[in-house]
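> Just dropping this structure here.
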Amino acid sequence: MKLSPLLLLAPLTWLLASCGHVFTKNHTYEDQSTSGAEVNGATVFAHFEPQGGSGGLSASAMVYFAGSASLEGPFKWSIKARGETGEHEILRINAIKTTTEKTGRSEWFPKAYLGENAVFKPIRKNKALSLAKVTFPGLLEVYPEKDGAIDLLVDVTIVAKSGTQRKRVKFHLEPVQTRETEFIFVPGSIIKSFNAEDYADED
Numbered sequence: 056m057k058l059s060p061l062l063l064l065a066p067l068t069w070l071l072a073s074c075g076h077v078f079t080k081n082h083t084y085e086d087q088s089t090s091g092a093e094v095n096g097a098t099v100f101a102h103f104e105p106q107g108g109s110g111g112l113s114a115s116a117m118v119y120f121a122g123s124a125s126l127e128g129p130f131k132w133s134i135k136a137r138g139e140t141g142e143h144e145i146l147r148i149n150a151i152k153t154t155t156e157k158t159g160r161s162e163w164f165p166k167a168y169l170g171e172n173a174v175f176k177p178i179r180k181n182k183a184l185s186l187a188k189v190t191f192p193g194l195l196e197v198y199p200e201k202d203g204a205i206d207l208l209v210d211v212t213i214v215a216k217s218g219t220q221r222k223r224v225k226f227h228l229e230p231v232q233t234r235e236t237e238f239i240f241v242p243g244s245i246i247k248s249f250n251a252e253d254y255a256d257e258d
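So in this note's numbering, spot 121 of the sequence shown is number 176, and the numbers just go up one at a time.
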């Protein structure tokens with residue numbers, strides 16, 4: 056799920072018939088291994104969505120608007136796995152540890168919130184592939200400028216028709232800045248597919 060910059064620009068109820076551009080600068084983390092980690096034939100990777108930051112807005116004749124947002128930590132975070140539809144069935148996170156480079160914090164995530172099964176679902180744009188996602192409760196209190204790079208040690212189980220594998224994998228994530236320009240037409244943004252729950256989106 057992608058964080059919309061409009062959340063930082065509320066309330067904007069008068070934009071129901073408006074369109075415009077939102078310019079977003081993200082201070083986030085990027086996995087240095089572009090290929091991810093392989094577990095039981097599936098590719099496992101970490102995903103971060105910045106939840107903090109600030110925004111601004113300008114409008115012209117109540118028709119066109121331009122917004123800007125600078126997004127940063129803390130983060131909504133998840134572990135995802137990409138597999139094959141009909142083969143991969145379950146993603147389970149058994150344990151996860153975060154270590155920050157600059158501040159030297161090292162913490163295990165509470166096991167009470169782990170261990171649930173995430174089901175692989177076909178990807179909307181390519182139904183031959185499937186995606187499973189475990190989103191962790193709460194926000195991860197890390198900040199790219201203050202904490203620097205972070206390491207994630209993840210104990211992962213992947214269940215497939217051909218068998219089950221449990222493996223520890225490590226992700227090294229470096230601070231990055233990305234810029235996005237998004238055109239938004241508000242009425243169209245609320246239209247959803249009737250069978251959306253049957254498929255997984257891939258960020």
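For each residue, glycine too, the CB sits at the ideal point set by N, CA and C.
#1: So residue 139 and residue 184 are supposed to be a Cβ contact under 8 Å. How far apart are they, rounded?
#2: Among 92, 84, 153 and 86, whose alpha-carbon lies nearest the alpha-carbon of residue 222?
#3: Between residue 195 and residue 175, is the Cβ-Cβ spacing less than 9 Å?
#4: Can you tell me whether residue 135 is buried or exposed, with buried defined as 16 or more other CB within 10 angstroms of its CB?
#5: Can you have a look at residue 163 and say buried or exposed, based on whether 16 or more other CB atoms are within 10 angstroms of its CB?
#6: Would you mind stating whether residue 150 and residue 209 have Cβ atoms separated by less than 9 Å?
#7: Using CA atoms only, rank isn't needed, just tell me which of 169, 188, 233 and 180 is closest to residue 97.
#8: Counting along the chain, where does the beta strand (DSSP E) carrying residue 201 start and finish?
#9: In or out: residue 214 buried (at least 16 other Cβ within 10 Å) or exposed?
#10: Cα separation between residue 201 and residue 132?
#11: Which of the three DSSP states, helix, strand or coil, is assigned to residue 84?
#12: Roughly how many angstroms separate the alpha carbons of residue 217 and residue 100, rounded to a whole number?
#13: By the DSSP assignment, the beta strand (DSSP E) with residue 155 in it spans what residues?
#14: Identify whether residue 131 lies in helix, strand or coil by the three-state DSSP scheme.
#15: Near residue 137, which residues of its chain fall below 7 Å by C-beta distance, leaving aside the five closest residues on each side in sequence?
#16: Terminal residues of the continuous beta strand (DSSP E) containing residue 184?
In short:
#1: As a first step, residue 139 must be located in the sequence shown, where it is residue number 84. As a first step, residue 184 must be located in the sequence shown, where it is residue number 129. Indeed they touch by this definition, with Cβ atoms about 7 Å apart.
#2: As a working mapping, residue 222 is identified with position 167 in the sequence shown. Taking only the C-alpha atoms, the option nearest residue 222 is 92.
#3: As a first step, residue 195 is located in the sequence shown; it is residue number 140 there, counting from the start. As a first step, residue 175 is located in the sequence shown; it is residue number 120 there, counting from the start. No, Cβ-Cβ distance for residue 195 and residue 175 is not below 9 Å.
#4: What you label residue 135 is simply residue 80 of the sequence shown in a count that begins at 1. Looking at its Cβ environment, which holds 16 or more other Cβ atoms inside 10 Å, residue 135 is buried.
#5: For the purposes of this step, residue 163 is taken as the residue at position 108 of the sequence shown. Result: exposed.
#6: Counting from 1 along the sequence shown, the entry for residue 150 is found at position 95. Counting from 1 along the sequence shown, the entry for residue 209 is found at position 154. Cβ distance < 9 Å, so residue 150 and residue 209 count as in contact.
#7: Position 42 of the sequence shown, counting from 1, holds the residue named residue 97. The shortest Cα separation from residue 97 among 169, 188, 233 and 180 belongs to 188.
#8: Along the sequence shown, read from residue 1 onward, the residue named residue 201 stands at position 146. Run containing residue 201: none in the beta strand (DSSP E); it sits in the alpha helix (DSSP H), 199-202.
#9: To locate residue 214, count along the sequence shown from 1; it is residue 159. When all chains shown are included, residue 214 counts as buried.
#10: Within the sequence shown, numbered from 1, the residue matching residue 201 stands at position 146. Within the sequence shown, numbered from 1, the residue matching residue 132 stands at position 77. For residue 201 and residue 132, the distance between alpha carbons rounds to 18 Å.
#11: As a working note, residue 84 is residue 29 in the sequence shown. DSSP places residue 84 in strand when its eight states are reduced to three.
#12: Mapped onto the sequence shown, residue 217 falls at position 162. Mapped onto the sequence shown, residue 100 falls at position 45. Roughly 21 Å separates the two Cα atoms.
#13: For the purposes of this step, residue 155 is identified with residue 100 of the sequence shown, where counting begins at 1. Run containing residue 155: 143-155, per the beta strand (DSSP E) assignment.
#14: Numbered from 1 along the sequence shown, position 76 holds the residue referred to as residue 131. Residue 131: strand per DSSP, three-state reduction.
#15: For the purposes of this step, residue 137 is identified with residue 82 of the sequence shown, where counting begins at 1. Around residue 137: 97, 98, 184 and 186.
#16: Along the sequence shown, one-based indexing puts residue 184 at 129. It spans 181-190 - the beta strand (DSSP E) in which residue 184 sits, taken as one unbroken run.
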